[in-house]
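For the sequence shown, position 606 matches number 606 in the UniProt record's numbering, and the numbering has no gaps at all.
Think of the CB as a built atom: it goes at the ideal place given N, C-alpha and C, for glycine as much as any other residue.
Here the structure is a predicted model, which means the values were calculated and not measured.
Everything below concerns the one structure shown next.
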Amino acid sequence: MTFRAGQTVTGPSLSGPVTGTVIRVRPSIIDRSVLIVDIDVDGEEHHVPAEDCAIARAPRAATPEEPVTATDAPSADQQAPAPSHGWMHPNNSHLAHWGDGTRVLCGRMVPDGTDIVNTDPHADVQRCSKCDKALGRQLDAQTPAPAQIEVPQRTPDAAPQFEVPQFEAPTLGLQAVPWNRVLNSSLNPRKHFDADSLRELAVSIYRKGLQQNLVARPHPDRPGHFEIAAGERRWRAIGLLTQGFEVDGHEWLEWPASTPVNVLVQDLTDLELLEVATAENVQRRRMTPIEEADAFAALADHGSPIEDIAAKFGYTRRTVVRRIQISRALSPLLRDEFNTGNLTLAQVEVLVTVAPEVQEAVWNGYLRSNPRLYPPEHIRKHLPNNLFLVRHRQFPPAWYTGGVVEADLFDDVEPYFQDPAQAMECQLRHARVLADQDVAGGAAFAEVVLNAMRHHYGETGNGVAYSVKNSGEMERWENIGARRSWSPLPDSGYSVKNPTPDSGANTSTPQGAATQPGAAQASAPQADRPAAPRYPAPWSLDDIRVDAALTGPDRRRRLQAAYILDSMLDREVPHITPELTRAADRLELLFSTHLKRNGDGWTLGAEPKDETAELAVATEILRLLLTLTGADLDTLFYGYFHRELSFSNTAAPTALGNLDPFTLTEGFLGGCDTLALQEIWDDAGLGDRANTTDEYLRSMLLEEAPTLAARGFLPRPLRPEADDD
1 MTFRAGQTVT
11 GPSLSGPVTG
21 TVIRVRPSII
31 DRSVLIVDID
41 VDGEEHHVPA
51 EDCAIARAPR
61 AATPEEPVTA
71 TDAPSADQQA
81 PAPSHGWMHP
91 NNSHLAHWGD
101 GTRVLCGRMV
111 PDGTDIVNTD
121 PHADVQRCSK
131 CDKALGRQLD
141 AQTPAPAQIE
151 VPQRTPDAAP
161 QFEVPQFEAP
171 TLGLQAVPWN
181 RVLNSSLNPR
191 KHFDADSLRE
201 LAVSIYRKGL
211 QQNLVARPHP
221 DRPGHFEIAA
231 GERRWRAIGL
241 LTQGFEVDGH
251 EWLEWPASTP
261 VNVLVQDLTD
271 LELLEVATAE
281 NVQRRRMTPI
291 EEADAFAALA
301 DHGSPIEDIA
311 AKFGYTRRTV
321 VRRIQISRAL
331 SPLLRDEFNT
341 GNLTLAQVEV
351 LVTVAPEVQE
361 AVWNGYLRSN
371 PRLYPPEHIR
381 KHLPNNLFLV
391 RHRQFPPAWY
401 TGGVVEADLF
411 DDVEPYFQDP
421 AQAMECQLRH
431 ARVLADQDVA
441 GGAAFAEVVL
451 NAMRHHYGET
461 GNGVAYSVKN
471 SGEMERWENI
481 GARRSWSPLP
491 DSGYSVKNPT
501 PDSGANTSTP
511 QGAATQPGAA
521 QASAPQADRP
531 AAPRYPAPWS
541 LDDIRVDAAL
551 TGPDRRRRLQ
561 AAYILDSMLD
571 REVPHITPEL
581 TRAADRLELL
591 FSTHLKRNGD
601 GWTLGAEPKD
611 ETAELAVATE
621 ILRLLLTLTG
631 ADLDTLFYGY
641 FHRELSFSNT
651 AAPTALGNLD
661 PFTLTEGFLG
671 GCDTLALQEI
681 WDDAGLGDRA
691 NTTDEYLRSM
701 LLEEAPTLAA
711 RGFLPRPLRP
721 EADDD
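Below you can see the structure in the form of structure tokens.
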């Protein structure tokens, strides 16, 4: 039946039968498939399920020739008019279709005489999905928006238009209720029910009966129904029996849906229902830890004080707060890991003391490889290493514009910067200012490096170094010597030198140091130099860098790369340093299709089928290793160098013989200017080049390219600095 605003209807509410004017028709908050009619009765709003409503029709005025009757129902010898719309089964279809007896909403024709079996648009029948959706759109279109509804005024003493049958309010206490009149509650914190254990419980209830009653309240939106507060698992098990199932291959178990079950009906508010449901699940230890955390958070959201929750369930206040914190602050990634058992409750309680992005950084940093290796005490101890603590700040406060995360509720974690990248840049900026001041004060040099190591510098000298750790802590070392030759300055480092250091100071220049753009550098005045030859940028031509590194006197580089590859294929774990971590991160981008990061080590992306396939993979990985900078290659080599230098995997050294020599190409020569072409020509010993053009030099060099490759010839920018075997 369709209801519209302004109609006068009657129906049962929780306070008894009511008759009033329709304000709106809406879906139920609890069950969207149930429509609720909001009725105005003398200025008071009542809510009645649509299926229980009826239109209150005024009796027709009597004429002298027609006696007044108490009812307008048809007499015994009269037939009630057939319904014009409803669910039907045209052509004996197994699906019910909605229509008017001639055509249904999905479009198919209906044979004459097809019976309408149900006129309720929300009837519990197996419905055609197209008809159901079309009917839903019609009902929505017939429901006016609240702002457009005019509510007719009624006089307070208006009498009911006809007598309404009395509706008995539900009684409280223990009573037998048909199973299909009991509904589960969305407030129940328990969401997971094991199918096998439900089936076992259903068999037990079938053979021994229901040993413990359910606890429920009168349903707030479905008169005559009850909402479960405790016992949903037993209710679900009986639901399996109402569907019927076979056991032991020969016995069929089935109960009717109207089977009576013992229910203790209580008058409960939402908060009281939630407390009953949580208490049962906590006492029975049926909930998962994350469900328990969600239950405590729901209780707090409904207004229950933390102290009350702790007292009711036997926990300390700190434990309840931590559980609520888990529900509200645990990263979705770690929530899944916690649910599957990869993380313990104690580990999670430590992790939720920091922001979700920090939690995921800890997980991806070291926890993921083997969570069981890291107890909660280890995580708590090393958690500050992933935070930029406010107490480590040395830069002016005005430089930082981000937020600050205050101390944890129990002071387990100190205040830290919400934007660690911005805070780190401010700290490095401050350190660079101090470095400039050191050099201006007479220091031979000053450097600023992330996670610098003291042993990378000489023992004595007149230099200064600032080491800024990931946690923001900054150390200053003074009276140190220049950076050692085997430890070049990282790309992110900052270096400034004094052009006129004291005569007694150590003035050696850090080998391989690269000054960050914008760094203050001073150099002694130098005479004008002739223009330098221009070659292609090696970092823009990866194939040139690879091929060039495979020939010539660069034996040390190739042996380092082969040793690293051998260690990787043997699943060796390197000695971890911050420099090694950054080098491995850059290497991981190159290895995305061949190797996969596994904690601190590596594993092959796909296991080779045979030795030939393994050798092909090893050769490709070796090529990638040789594209690294000298600093990264040195870092990886010394990180793995914790055993004797011996090859145990034959694929690595054998792959060295599979690498092709560097050959001059048209692309490489096209990026060379005149001076570079002449320099290559002279170094190759190709004779007189007087009165030649660039085009002539390029064409002749291309012709000689195979011969030069066989000789191991390399242009000057691609040659190693020294032949170190």
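Nearest Cα to residue 388 within the set 291, 426 and 111: 426. The C-beta separation of residue 176 from residue 121 comes to about 32 Å, leaving the pair out of contact by the 8 Å criterion. DSSP places residue 40 inside the beta strand (DSSP E), whose first and last residues are 35 to 41. Taking 8 Å as the cut-off, the beta carbon of residue 234 is found no closer than this to the beta carbon of residue 253.
Taking C-beta atoms under 8 Å as the contact rule, residue 451 and residue 469 qualify, at a distance of about 6 Å. For residue 476, the enclosing beta strand (DSSP E) covers residues 474 to 480. Listed as beta-bridge partners of residue 127 by DSSP are 96. CA-to-CA, the gap between residue 327 and residue 338 works out to about 11 Å. In the DSSP annotation of this structure, residue 296 is not part of any beta strand (DSSP E); the continuous alpha helix (DSSP H) holding it starts and ends at 289 to 301. Counting C-beta pairs with one atom in each stretch, the region 427 to 445 and the region 381 to 396 have three or more that are closer than 8 Å, which means they touch. Shortest Cα-Cα distance from residue 634 to any of 697, 580, 309 and 187 involves 580. Ranked by Cα distance from residue 205, the first of 174, 702, 125 and 237 is 237. Within its own chain, the residues whose Cβ lies closer than 6 Å to the Cβ of residue 264, once the five positions on either side in sequence are excluded, are 174, 213 and 215, listed in chain order. Non-local beta-carbon contacts of residue 356 in its own chain, meaning distances under 6 Å to residues more than five positions away in sequence, involve 331 in chain order. With respect to the 8 Å criterion, residue 496 and residue 439 are classified as neighbours on the basis of their beta carbons. If you keep only unbroken beta strand (DSSP E) runs of at least 3 residues inside the region 168 to 209, you get 173 to 178. Taking all protein chains in view, the Cβ of residue 276 is crowded by 16 or more other Cβ atoms within 10 Å, so the residue is classified as buried.
With 16 or more other Cβ atoms from the protein chains shown falling within 10 Å of its own Cβ, residue 632 counts as buried.
Distance check between residue 223 and each of 454, 48 and 639 places 48 closest, using alpha-carbon atoms only. In the DSSP assignment, the residues bridged to residue 218 are 226. Residue 13 and residue 108 have their alpha carbons spaced roughly 40 Å apart.
Contact between residue 257 and residue 180 holds, since their C-beta atoms are separated by about 4 Å, short of 8 Å. By the Cβ neighbour-count rule, residue 91 is exposed, with fewer than 16 other Cβ atoms within 10 Å of its own. The region 238 to 266 contains, as complete beta strand (DSSP E) runs of 3+ residues, the segments 245 to 247, 251 to 253 and 260 to 265 (chain order). A Cβ-Cβ distance of about 5 Å is found for the pair residue 41 and residue 18, placing them in contact under the 8 Å criterion. Taking residue 306 as the centre and dropping the five residues before and after it, the same chain places the C-beta of 300, 317, 320 and 321 closer than 7 Å to its C-beta, in chain order. Under DSSP, residue 88 takes part in a beta bridge, and its partners are 97 and 116. In this structure, DSSP gives residue 122 a state outside helix and strand, which the three-state scheme calls coil. With a cutoff of 8 Å on beta-carbon distance, residue 448 and residue 416 are scored as not near each other. Scanning its chain for C-beta atoms nearer than 6 Å, with the 5 sequence neighbours on each side dropped, one finds around residue 419 the residues 402, in chain order.
When only Cα atoms are considered, residue 50 and residue 211 end up about 36 Å apart. A residue is called buried once 16 or more other Cβ atoms fall within 10 Å of its Cβ, and residue 385, having fewer, is exposed. Counting other Cβ atoms within 10 Å of its Cβ, residue 193 stays below 16 and is therefore classed as exposed. Check the Cα spacing between residue 715 and each of 671, 333 and 405: the tightest is with 671. In this structure, residue 359 keeps its C-beta atom at 8 Å or more from the C-beta atom of residue 379. Just so you know, the alpha carbons of residue 432 and residue 494 end up roughly 7 Å apart.
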